[in-house]
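In this note's numbering, the protein residues as written are 75 to 226.
Note that CB positions come from ideal geometry on N, CA and C, so glycine has one too.
Rendered as structure tokens:
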């Protein structure tokens, strides 16, 4: 058996056990930093939306009159869908993972479609129809600029 590990000083192994440096890198591109900041902001908004939907499902805070069970099936289905997908998107957006942006875009487009084609489900159409397209456009713009900065 090789006893070289026993004779090496303990300090030589400290580098291997050091914690991960979570500080932003100084050499990161500015558009990439802006994209990450935008994704974090959208993660917070998505989390608040998801928690609002779960409050409706659980029957407190933003609960509709009569409770969750008294609502139409279409409303119940959409509420549970957005309660789950928004919180899943939150995790992915916060981690700046590609799948997080895909889930968030799916949620945003689904909300636009629900408001545009099924206005009887939710009545907050004007807010969604203004905010979601602006957020999607901002994300796509930042993603294009961040992609242009990357070395080829």
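Buried or exposed by the 16-neighbour rule on C-beta atoms within 10 Å, applied to residue i
| i | result |
| --- | --- |
| residue 143 | exposed |
| residue 160 | buried |
| residue 189 | buried |
| residue 157 | buried |
Beta carbon of residue i nearer than 7 angstroms to that of residue j
| i | j | result |
| --- | --- | --- |
| residue 45 | residue 137 | Nothing about residue 45 can be reported from this structure: the residues present for the chain run from 75 to 226 only. |
| residue 153 | residue 127 | yes |
| residue 109 | residue 220 | yes |
| residue 164 | residue 121 | yes |
| residue 206 | residue 177 | no |
Under the three-state DSSP convention, the category residue i falls into
| i | result |
| --- | --- |
| residue 207 | helix |
| residue 95 | Reliability fails at residue 95, whose pLDDT of 48 lies under 50, so the model's placement of it is uncertain and the value that follows must be treated cautiously. Residue state, collapsed to three classes: coil. |
| residue 172 | helix |
| residue 103 | coil |
| residue 143 | coil |
| residue 160 | helix |
| residue 134 | coil |
| residue 150 | helix |
Per the contact definition of three or more C-beta pairs closer than 8 angstroms, is the segment 208-224 in contact with the segment 108-117?
-> In the pairwise beta carbon analysis, the segment 108-117 is classified as touching the segment 208-224: at least three pairs are separated by under 8 angstroms.
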